[in-house]
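Residue numbers (my numbering), protein chains in the order written: chain A, 1280 to 1458; chain B, 43 to 401.
We put the beta carbon where it would ideally sit given N, CA and C, even for glycine.
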Amino acid sequence: MLCERCQQRPATIHLTEVINNHKSKIALCEVCAREIQAQGFGLLPPLSLPYFLAGLLGHGFNAESLEQSDGPEIKCESCGLSESQFVKRGLLGCGNCYRSFAEKLEPLLRRIQGKVEHVGKMPADSLKSDAWLKNEIEVMRKKLKRAIEAEEYEEAAGIRDDIRRMEKQLEQGVSGNVN
Amino acid sequence: MSIKETVSSAHSKWMDGFAPESDVVISSRVRAARNLEQFPFPHLLDEEKAAQVINAVREAVAHKEMVDRVGVLELVVLNELSPLERQIMVDKHLISLDLLLESQKKAVVLREDEVISVMVNEEDHLRIQCLQPGLQLDQAGQLVNLVDDLLGKTLDYAFMEKWGYLTTCPTNIGTGMRASVMLHLPGLVLVGQLGGALNTISKLGLTVRGLYGEGTEAAGDLFQVSNQVTLGQSEEEIISNLTSIVRQLLAQERVARQALYREKRELVEDRVWRAYGILKHARVLSSEEALKLFSSLRLGFDLGIVSDISTGLITELMVMIQPAYLIKMSGEDLPAYRRDVYRAELIRKRMGELNNQGV
Ligand SMILES: [Zn+2]
Ligand SMILES: [Zn+2]
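Written as structure tokens, this is what we have:
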């Protein structure tokens, strides 16, 4: 049997890693076992994550749509990564991939992350850019529309205040405000 | 001190800093993934573009404000280090194994005390990491945040308002942040309550890892707990959630230790003193056996059974007994058996020094 990590040397050592009480066995050569024990932890995620993802993606993401192939496969314009390449390795090719595959990524993200809206830190310079603000206002307008349709007027009022604040910021030229 | 000198010592300054809850928590680590907007992610980078990313980072870490507020950060391209020096950085948890592949495309940034490091062109362009002894997730998080802010002044990050920081693998998007603690849980293992505790944790959005050797016991009773999800939770929430769960585990571990010590005092003492004796006198020691013995010794120290050793020294010895470090020390690539002999010798020497100091 060959080592499952390097696929080159014969496997002589069987290690077990336990993640959330779930044991996984892996057969390794002495060299890889040594490296992995030195590392201590984190043996399985880099190995199994793409498989896990590909498994998830295979269903619902694109397996069927690829086979139907009624149109050309979606590719990222910036880096050229195709949908099927993404599915194979579970890795995106560049920041723009998230925009290119946005529609298809959303349900996937919901499954692996549970939520689909970022909460938390933002790059400081994103606050400085007018383009970012414009984009943000656009998003907020859509939210406002949804809130009104759902008759959630209290929320809608809050969103409207946010939009006004951002529009004001945009008028004053945000770049001038920082520093 | 240069990176070259840093990696020749098993001792990292973070090991002897103030370490709250260090009877159970060995270290706290916060890591943030960041990518540059204008480059493809590392797995698609050719050598030329990889070098451009490295240069951009080199410039960013040399920025005056960075030096003033964080300190001098040295960047070194991985293939400028010998394979052994790289492996030692892995042993010290400063870089990941992934960083060793295609080393000409990768770099590491390190502050002299090894508290802050940045891996360049690993899975993501940047992995900003802070490692602290004991339970100090807040401090680690703040430091990562500061370094990230300062790097962000020079570098243009891939970011979307909706999905946050964009990462190569979608399991990291949002905050891009992984917070983790390394726990030493011999008490819960010995009383057989570990399984239950870990089960509960995994239902709370956290991941628990333990590396097992060939037997069924975790090597050294060491476990790593980290956040599972990176999207839809703020950095503060992730850290406070993890901290509060670690505190609960910590309390359970202490109760287990006390109960053990109360009910089976001789058994616990026997285990500790046997470990002490073997470490002090053995002539051949595998790293797995040594790790187990150090686990018992650490327990003995925390329970006040042995007093002439510090947790800092135990942590240092745990790094020192790893294969790469041993090879470095002996100056040659040792075969497994010679390594086990050399390991025993090194440990004997350090443990012997303790008594001579009469501490
Ligand atoms: Zn191998
Ligand atoms: Zn792309």
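- For the pair of segments examined, the stretch 222-233 of chain B was found to touch the stretch 286-304 of chain B: the number of CB pairs separated by less than 8 Å reaches three.
- Gly237, Leu240, Asn241, Ser244, Thr249: these are the residues of the stretch 232-249 of chain B whose beta carbon lies less than 7 Å from some beta carbon of chain A, given in chain order.
- Proximity of chain B to Gly1437 of chain A at the Cβ level (cut-off 7 Å) is not reached, the minimal Cβ distance being about 17 Å.
- At a beta-carbon threshold of 8 Å, none of the residues of chain B lie near Val1366 of chain A; the nearest stands roughly 12 Å away.
- Rounded to whole angstroms, Arg325 of chain B and Tyr379 of chain B show a C-alpha spacing of 11 Å.
- Here Ala324 of chain B carries a coil assignment [DSSP, helix/strand/coil].
- Partner residues in the beta bridge of Ser159 of chain B, as assigned by DSSP, are B:Leu152, B:Gln171.
- Using a 10 angstroms sphere on the CB of Ser337 of chain B, the tally of other CB atoms reaches 16 or more, which defines it as buried.
- At least one heavy atom of ligand 2 sits closer than 7 Å to the Cβ of Ser1357 of chain A.
- Checking the 7 Å criterion, the Cβ of Gly1437 of chain A is out of range of every heavy atom belonging to ligand 2.
- In the three-state scheme derived from DSSP, where H, G and I count as helix and E and B as strand, Met1401 of chain A is classed as coil.
- CA-to-CA, the gap between Ser329 of chain B and Arg390 of chain B works out to about 14 Å.
- Residue nearest to Leu143 of chain B within the set B:Gly234, B:Met108, B:Val162 is B:Val162 (criterion: CA-CA distance).
- For Leu291 of chain B, the shortest separation between its Cβ and any heavy atom of ligand 2 does not lie below 7 Å.
- Lys46 of chain B is outside the set of residues whose beta carbon lies under 8 Å from a beta carbon in chain A.
- Taking a Cβ-Cβ threshold of 7 Å, the residues of chain B close to Cys1358 of chain A are Pro82, Leu86, in chain order.
- Set against 7 Å, the gap from the CB of Ser1379 of chain A to the closest heavy atom of ligand 2 is smaller.
- Note: Val267 of chain B is bridge-paired with B:Val223, B:Val250 in the DSSP secondary-structure output.
- Remark: the C-beta of Asn1375 of chain A is in contact range of ligand 2, defined as less than 7 Å to any heavy atom.
- Glu116 of chain B sits close to Leu152 of chain B, with the two beta carbons spaced by under 8 Å.
- Annotated three-state conformation of Pro82 of chain B is coil, per DSSP.
- In the DSSP assignment, Arg73 of chain B is bridged to B:Gln171, B:Arg220.
- The beta carbon of Glu1385 of chain A lies closer than 8 Å to those of Val1395 in the same chain, with the five residues before and after it left out.
- Ranking B:Leu177, B:Met224, B:His85, B:Glu122 by CA distance to the CA of Glu165 of chain B puts B:His85 first.
- Per DSSP, Leu117 of chain B is one residue of the beta strand (DSSP E) stretching across 115-119.
- Between Val160 of chain B and Leu173 of chain B, the gap from beta carbon to beta carbon reaches 8 Å or more.
- Assigned with DSSP and collapsed to three states, Ile215 of chain B falls in coil, not helix or strand.
- Around the CB of Phe201 of chain B, 16 or more other CB atoms lie within 10 Å, so the residue is classed as buried.
- When DSSP states are grouped into helix, strand and coil, Val66 of chain B belongs to the coil group.
- Trp205 of chain B is not a Cβ neighbour of Gly194 of chain B, given a cutoff of 8 Å.
- Of the heavy atoms belonging to ligand 2, none sits nearer than 7 Å to the Cβ of Leu208 of chain B.
- For Ser276 of chain B, the neighbours in chain A by C-beta distance under 7 Å run, in chain order, Val1398, Gly1399.
- Here Phe201 of chain B is bridged, per DSSP, to B:Tyr207.
- In the three-state reduction of the DSSP assignment, Leu143 of chain B falls in the coil class, being assigned neither a helical nor a strand state.
- In this chain, the alpha helix (DSSP H) harbouring Asp133 of chain B covers 125-133.
- Selection B:Val72, B:Leu327, B:Leu225, B:Leu197 evaluated against Gln80 of chain B yields B:Leu197 as nearest (Cα-Cα).
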